[in-house]
Structures are given as structure tokens and as C-alpha cells.
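**Q**
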């Protein structure tokens, strides 16, 4: 026993010193970082605006990310908690858990990730897995991904995984392969060639076990267990010009979204831009035909999408101009968009001391032309080939049209102004699913003025007006914001539906808000009424029901 | 038995103390592949400004306060550069819906920053960015020394103050 009283500590010391030396090299260079966000709402019932009683009174969404980095190794975890999910978020998020975790290792040639990851091939037409936290959108892949850079300018990616489905995984398995070839980096290292060329190609396949689906009361469908898709893309640029194109196609994929037809899907995106200092112009064309690609045949919500179909419209930053946002129609749309940006020079008559920024934007989206597949079967009939569609023909239905002009001018160090006019055609029947409602035609005017009365204090006044004879009629909105840089802001605003045809629906939506920011920590409080509406990011939207009460948001990055 | 435990505890404390002696260096920029406006792939861990400070600012075309921040700084950017040598790297998180509009918009506005495209949010995720605008200050050794979210008129004064303090070797404060 006596011997042991000093041998044991001595041994422990030896081992620990050895372990310690190893631990130092393991933890040396290791860094932990992360972020945190909490969104909570306290609800009051308000029958006038359509805010119904919320049994829990308060709902909260929170998440925290923790990231560990050490040299070539990274690992991370995200914990989420929705108790219960805020109104407007999919109720299937209810609960708490760890839906996201990963480990990765990379060097100059390889990058391997195991666990959950996000990835995009090209523009996302065949594969895009991403997160948009304030939409509640998350189609993360869980499995493994390898990136291989064998040669400068060449990137090959391979992945396999299942997709996130709230707190579970979807029933399908997604496999993908992508190659990206920057020809100039591969063959022209000295940069002799003035034209830049990048080529790329992707192949994606999904597998879902067979199931029994019956259509037209009696037909049991013979479903494909595997559905493949592929895409090819190019980018050309020279001087101020640039041309990007991507074409994608998908094999037969009967699903709830396309009413179980066997037609192939196709999608094409073409964009041309020219810019130089003070001037930029963009023209874009996009065609989508039956390109919804999900890893579960019967899913109809905003979940389990394998690909991403960007909406070719401008994202508006003001609430009245964003009142009627466009949602991509995966079953078929043909879109054109043009944008012009110009800066009237500083020092010129119209430009003033700082110049004037002009932005003009036009988008038009219609349905695609659909014709019967064999002359007899109804278009879109379940269990058939569906229809045929000539490639460049515009269909008869207008979905969306938006013409927008914006002028921005800084008068002096204290005062700046932005004015904007928009004319909008919005097919509320198709986009929001209100059958029979007429096309909304609206004129929207915005004035946004900022007055700085000293270096750190400013007042901003926003006036907005929406004029329409359809839907809820005319709206007006004003907002006054007082900021004390860099920490504080206070806002008061009111949205008033004064033009509503029904007198008792001419409602006010007043709110007050304040916020405090310190470094990368921010707290905002908002109290008041919020109109029922739609929040869209990138053509993916979620409905926000009317609410009355207090909203708290706390966010931090460490 | 008690002596053994006491000895082990002392040894553990000694080892832990030893571990603390390692110098603490700041978090560096993570290694993520993004593209610049010419379509060339850039490794974010290799971003540098020859030992001078760098500002990395996350923005998007649809984010009004971000455009406000970058426009306000662009009016004074040449002065900032000649005084402090700082370089501003504007990372756009616009996805494929609007990423091709970034170059023409930046050119038309006459911004002189280095602009990167983070189309699927990989760099944003690796930097733990939640809401934009989110701006980071990186010192000459590539370490993140300060960060700030949101923008209001006059916030750029706080940013240039931090850059000046960094150059002078003074503590940055909060």
C-alpha cells in the first residue's frame, strides 16, 4: 500500500504530461465560434384584423450554431427549438432538437464533409440545398460530400444524402455529381486570353421506394423508383460583357405537384449583362416546365425540394411594394427581365455634388403554352404524358408584370432622398390560390427621406402609397425612424387600408419598435398590429397571418 | 486514498495550468470557396491586405441598410484608404435569383471595393452571420478583432475609429 501512494501519482503525472503534450497540439489552434437567435411573439386576439386567439399566448423560435475549427478540421452543431413555432412557420417544426451537425476536413485538393451540409450545383436548377431561417426553409442534405480539386480550375463534387424533413429525414435518397471547369485557370495561366470561359455540368438522381398511388379512381400508377436529372452550364465574359446560360432536364417524375404526369421536365436560364463605371444593363430569360423535383412524391409544402427555381423578379425592400410578391410556378412559366442602372455623374447639373442613381427594372412572367400530348387526352391528365409545350412560346395567362423606376439623390451631407414608382400586374388567382379573383393592377409610389442633424443622429421618414381597384383597394403607409448610431433606433409606423370597399375593413396597422445593437449583438422589440401577408425570399414564400402583440428578436454572433 | 486523490488533483491542476500558458491568437478567416466578379474562385482564407487591416462586409442587393452602409462608405473610401491603408471586401450573399445583377449594379454605383459572391451562403455560415449587414474588422495578421451588425447613419464613424485604433495599436473597446 505504501508503495502505491507515490507510484500512482507519479504514473498519473507521467501519463498526464504525455496526454497534455498531445492535447496541446490537439487544442492548439482550435477555435470555437457561433451564433444565436431568438424570435418570440406574444399574441393578442384581434378579430378586426383577423388575428385569432393563440392558446399558448407566446410562441418562440430559437437556434444556436456552434462551430469548432482547428486547422484543416471543422465540426459544427446547430440546436433548434420551436416551442411552439411562430405563426406562419410550418407547425411540423414543433419541438426541440439537434437537426444539424457535421464534421469536415479539407486541404488543397480534397474537401470531405460527413453529416449535414448545404450545396448548390450551378444556379441550383437541378440541386440546391440551403437554409433561409426567417422563412423556415431548410432542405439540408445528410450524408457525405466530397469535393476534389485535382488541377487548378477544375472542381469535381460528389454527394449522397437524405434531406431534412422538419425533425425527420425525407424518404428519398439524393445522389449528385458536378464538374466545374474554369478554362482560363486550366489552360491560360498567364492570363493572355481576354475572354473568360467557365463550363459546368451536373447529374443528379433521386431514389424513393415504390409506393401505391391510384389516380382517376382506378389506375394504379407504375412509378419510377429512380428519377434522374442533368444540367449543363456556361459563363462567358469579356471586358464589360458577360453571358451566362444553364439548361436542365429531368426525366419522368409523377408527383403531387405536377398531378402525376409522366412528362419530362425542362428548365433554362439565360442572362446577358454589360457594365462599365456608372452604367449597367441586364437582360434575362427563364423558362420552367414541370421542374419541381422533390425527394418525396406526395409532398406539397415548402419541404424536400432538391432543386431551386429562382424567381426572375426584383426583390422589393418596402412593405407596400413587397405586398404582392411573386412565387415561382414550378409547373410552367416563361419569364423575361430587364434592368438598367445608371449614375448621373457627380458635378453635373442633374447629378449634384454626389451624383444621382437611377434604376429601371421590368419583369414579365406568363404561363407556358401547353398542348395535348396526343390530340385526345386532356392537358395535365394524371397518369398520362401530360402535354407538350413549344419551347419559346408564351402562354395565354399573364402571371406577373412589374415596371419599376427608382431615383436616389444625396443633396448634401445632411439630406438624401429616394423616390420610386412601380406599376404592377399580379395574378392573385394563380399566385396566391384565390380562384376567380381578378388580376390586381396597382400603382405604387414611395418616398424615403433621411435627414442627419449631426454625425450620429438621423431621422428617416418613409411615405408609401399603393393604388388599386382590386383586392383590398388602396393602402397608405408612413414610417418615422429615429437612429442614434451605432446603438439605438426607434420607429413608429402605420399602414392604413383607407381604400377598402368595405368600410369596416378600412383598418389601421400601427406599430412601434425599438432596437439596441452592441457589436454583433442586437435586440429589437416591436409592438403593434401586423397585416396578414406574405414574406418571400428568392421566390420561396411563407404566409404570415395577421397578428397583434409584441415581437422580440435577439441575435448574437460570438 | 485521500493522499492519492489530493495528488491527482494537484497534478491535474498543474497540467491545466500548463495548458493555459499557450498564447491565445484570434480567430482567422475560414477557408471557403467563393467567386469574385470575374468568375474566378477565391479561397477566403487567403484574403489579405499585405499586413494592413481589412473590412469584410456581408450584404445583398435586397438589403437596404447594407446598400446604405456601402454607399455611405464609398463616399469616403478613398480618404479611408489613403489614411489607414484599409481594404473593404464586400461579400454578396445574393443567390442565383439576383447574383448576376451584382456586377452591373456595383459598377453603376461606382463602388471601388473588392466584391465576392457567396451564392449559397457557405462563407456566411462559416462566419456565423445571422442578419445582414454584418461587418468584420480583420487585423494585419488575418485575425478577426471586431464585428458589428446593422447600420444606421453615422455607424461608419465607429468603424473607421476602430480601424484607426487598430493601426495605432490601441485597444479597440466594445
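Protein chains in written order, with my numbering: chain C, 368 to 925; chain Y, 510 to 683. Glycine included, each C-beta is placed from N, C-alpha and C at the ideal position.
Would you say residue 851 (chain C) lies against chain Y (beta-carbon separation less than 9 Å)?
**A** Counted from its first residue, the first chain places residue 851 (chain C) at position 484. For residue 851 (chain C), the answer is yes, since a Cβ of chain Y falls inside 9 Å of its Cβ.
**Q** Using 8 Å as the Cβ pair cut-off and three pairs as the minimum, do the segment 593-606 of chain Y and the segment 556-569 of chain Y touch?
**A** yes
**Q** Please tell me whether residue 473 (chain C) has its Cβ less than 9 Å away from any Cβ of chain Y.
**A** Here residue 473 (chain C) corresponds to residue number 106 of the first chain, with the count starting at 1. So yes, residue 473 (chain C) belongs to the interface.
**Q** Ignoring anything shorter than 3 residues, give me the beta strand (DSSP E) runs that lie fully in the segment 583-667 of chain Y, in order along the chain.
**A** 596-601, 623-626, 643-647, 653-658
**Q** Mind listing which residues of the segment 658-675 of chain Y have their C-beta closer than 9 Å to chain C's C-betas, in chain order?
**A** 658, 659, 660, 661, 662, 663, 664, 665, 666, 667, 668
**Q** At a CB-CB cut-off below 9 Å, which residues of chain Y make contact with residue 646 (chain C)?
**A** Here the question's residue 646 (chain C) lines up with position 279 in the first chain. Residues of chain Y passing the Cβ test: 613, 616, 617.
**Q** I want to verify the contact list: residues of chain C whose CB lies under 8 Å from the CB of residue 547 (chain Y), in sequence order.
**A** As a working note, residue 547 (chain Y) is residue 38 in the second chain. Residues of chain C passing the Cβ test: 563, 604.
**Q** Tell me, to the nearest whole angstrom, how far the beta carbon of residue 772 (chain C) is from that of residue 809 (chain C); I am working on the premise that it is less than 8 Å.
**A** Position 405 of the first chain, counted from the first residue, corresponds to residue 772 (chain C). Position 442 of the first chain, counted from the first residue, corresponds to residue 809 (chain C). Actually they do not touch by this definition, with Cβ atoms about 15 Å apart.
**Q** If I follow the unbroken alpha helix (DSSP H) through residue 778 (chain C), where does it start and stop?
**A** Within the first chain, residue 778 (chain C) is the residue found at index 411, counting from 1. Boundaries for residue 778 (chain C): no alpha helix (DSSP H) harbours it, and the DSSP string shows neither H nor E there.
**Q** Hey, residue 661 (chain C) and residue 622 (chain C) are a contact pair by Cβ (cut 8 Å); roughly how many whole angstroms apart?
**A** Your numbering for residue 661 (chain C) matches position 294 in the first chain. Your numbering for residue 622 (chain C) matches position 255 in the first chain. The pair is a contact, with the Cβ atoms about 6 Å apart (cut-off 8 Å).
**Q** Is residue 511 (chain C) helix, strand or coil when you go by DSSP?
**A** Numbered from 1 along the first chain, position 144 holds the residue referred to as residue 511 (chain C). Note: residue 511 (chain C) maps to strand in three-state DSSP.
**Q** Could you give the distance in angstroms between the alpha-carbon of residue 420 (chain C) and the alpha-carbon of residue 752 (chain C)?
**A** Reading the first chain from its first residue, position 53 is the one you call residue 420 (chain C). Reading the first chain from its first residue, position 385 is the one you call residue 752 (chain C). Distance between the alpha carbons of residue 420 (chain C) and residue 752 (chain C) is about 47 Å.
**Q** Would you say residue 713 (chain Y) lies against chain C (beta-carbon separation less than 9 Å)?
**A** With chain Y covering only 510 through 683, there is no way to say anything about residue 713 (chain Y).
**Q** If you measure from the beta carbon of residue 556 (chain Y) to each beta carbon in chain C, is any gap under 9 Å?
**A** Position 47 of the second chain, counted from the start, is the residue given in the question as residue 556 (chain Y). Judged by the 9 Å Cβ criterion, residue 556 (chain Y) is not in contact with chain C.
**Q** CB-CB under 6 Å to residue 448 (chain C), same chain, minus the five flanking residues each way: which ones, in chain order?
**A** Sequence index remark: in the first chain, residue 448 (chain C) carries index 81 (1-based). Only 429, 463 meet the Cβ criterion.
**Q** Identify each residue in the segment 670-684 of chain C for which the Cβ-Cβ distance to at least one residue of chain B is less than 9 Å, and report them in chain order.
**A** No chain B is part of this structure, whose protein chains are labelled C and Y.
**Q** Give me, in chain order, the residues of the same chain whose beta-carbon lies closer than 6 Å to that of residue 819 (chain C); leave out the 5 immediate sequence neighbours on both sides.
**A** Taking the first chain and counting its residues from 1, one reaches residue 819 (chain C) at position 452. Once the five neighbours on either side are set aside, the close Cβ partners of residue 819 (chain C) are 781, 825.
**Q** Hey, is the segment 574-588 of chain Y in contact with the segment 538-546 of chain Y, meaning 3+ C-beta pairs nearer than 8 Å?
**A** no
**Q** Report the start-end ranges of each alpha helix (DSSP H) in the segment 548-601 of chain C that is 4 residues or longer and not cut off at the edges.
**A** 550-554
**Q** Suppose contacts are defined by Cβ-Cβ distances below 9 Å. Is residue 654 (chain C) in contact with residue 758 (chain C) by that definition?
**A** As a first step, residue 654 (chain C) must be located in the first chain, where it is residue number 287. As a first step, residue 758 (chain C) must be located in the first chain, where it is residue number 391. Yes, the Cβ-Cβ distance between residue 654 (chain C) and residue 758 (chain C) is below 9 Å.
**Q** I'd like to confirm something about residue 617 (chain Y): is its beta-carbon nearer than 8 Å to some heavy atom of the ligand GTP, or not?
**A** You won't find the ligand GTP in this model; it holds no ligand whatsoever.
**Q** Sorted by chain position, which residues of the same chain lie with C-beta nearer than 8 Å to residue 614 (chain Y)'s C-beta, five sequence neighbours on each side aside?
**A** Translated into the one-based positions of the second chain, residue 614 (chain Y) becomes position 105. Same-chain partners within the cutoff: 570.
**Q** Comparing the C-beta of residue 915 (chain C) with each C-beta of chain Y, is any distance below 9 Å?
**A** The residue you call residue 915 (chain C) lines up with position 548 of the first chain. No - not a single Cβ of chain Y is within 9 Å of the one on residue 915 (chain C).
**Q** Mind pulling the chain Y residues with CB within less than 8 Å of residue 721 (chain C)?
**A** As a working mapping, residue 721 (chain C) is identified with position 354 in the first chain. Ordered by position in chain Y, the residues that pass the 8 Å Cβ test against residue 721 (chain C) are 584.
**Q** Can you find a C-beta in chain C that's less than 9 Å from the C-beta of residue 570 (chain Y)?
**A** If you number the second chain from 1, residue 570 (chain Y) lands on position 61. For residue 570 (chain Y), the answer is yes, since a Cβ of chain C falls inside 9 Å of its Cβ.
**Q** What whole-angstrom Cβ distance do residue 788 (chain C) and residue 732 (chain C) have, given they're in contact under 8 Å?
**A** As a working mapping, residue 788 (chain C) is identified with position 421 in the first chain. As a working mapping, residue 732 (chain C) is identified with position 365 in the first chain. Residue 788 (chain C) to residue 732 (chain C), Cβ: 20 Å. No contact.
**Q** Whole angstroms is fine: what's the gap from residue 897 (chain C)'s alpha carbon to residue 807 (chain C)'s?
**A** Counted from its first residue, the first chain places residue 897 (chain C) at position 530. Counted from its first residue, the first chain places residue 807 (chain C) at position 440. Straight-line spacing of the CA atoms in residue 897 (chain C) and residue 807 (chain C) works out to 22 Å.
**Q** List the whole-angstrom C-beta distance separating residue 603 (chain C) from residue 609 (chain C), where the pair is believed to meet the contact cut-off of C-beta under 8 Å.
**A** In the first chain, residue 603 (chain C) corresponds to position 236, counting from 1. In the first chain, residue 609 (chain C) corresponds to position 242, counting from 1. Confirmed, Cβ separation roughly 7 Å.
**Q** DSSP on residue 701 (chain C), reduced to helix/strand/coil?
**A** Numbered from 1 along the first chain, position 334 holds the residue referred to as residue 701 (chain C). If DSSP states are grouped into helix, strand and coil, residue 701 (chain C) belongs with the strands.
**Q** Going straight from the alpha carbon of residue 674 (chain C) to that of residue 694 (chain C), what length do you get?
**A** As a working note, residue 674 (chain C) is residue 307 in the first chain. As a working note, residue 694 (chain C) is residue 327 in the first chain. Roughly 15 Å separates the two Cα atoms.
**Q** Of all the options C:730, C:665, C:710, C:707, which has the alpha carbon lying nearest to the alpha carbon of residue 692 (chain C)?
**A** Translated into positions along the first chain, residue 692 (chain C) becomes position 325. Taking residue 692 (chain C) as reference, the option from C:730, C:665, C:710, C:707 with the minimal CA-CA separation is C:730.
**Q** Does any C-beta atom of chain Y lie closer than 9 Å to the C-beta of residue 863 (chain C)?
**A** In the first chain, residue 863 (chain C) corresponds to position 496, counting from 1. Cβ-Cβ to chain Y under 9 Å: no for residue 863 (chain C).
**Q** Grouping DSSP H, G and I as helix and E and B as strand, with all else coil, what is residue 797 (chain C)?
**A** The sequence position of residue 797 (chain C) within the first chain is 430, counting from 1. Residue state, collapsed to three classes: helix.
**Q** Using a Cβ-Cβ distance cut-off of 9 Å, determine whether residue 587 (chain Y) contacts chain C.
**A** On the second chain, position 78 is the one that residue 587 (chain Y) refers to. Not one chain C Cβ lies under 9 Å of residue 587 (chain Y).
**Q** Identify, in the order they occur along the chain, each residue of the same chain with its Cβ nearer than 7 Å to the Cβ of residue 389 (chain C), setting aside the five sequence neighbours on each side.
**A** Numbered from its first residue, the first chain carries residue 389 (chain C) at position 22. The predicted position of residue 389 (chain C) is uncertain, since its pLDDT is 47 and thus under 50; no value can be drawn from it.
**Q** For residue 480 (chain C), which residues in the same chain have their Cβ closer than 6 Å to its Cβ, ignoring the five residues on either side in sequence?
**A** Taking the first chain and counting its residues from 1, the one referred to as residue 480 (chain C) is at position 113. Closer than 6 Å at the Cβ level, and outside the excluded window around residue 480 (chain C), lie 469, 471, 512.
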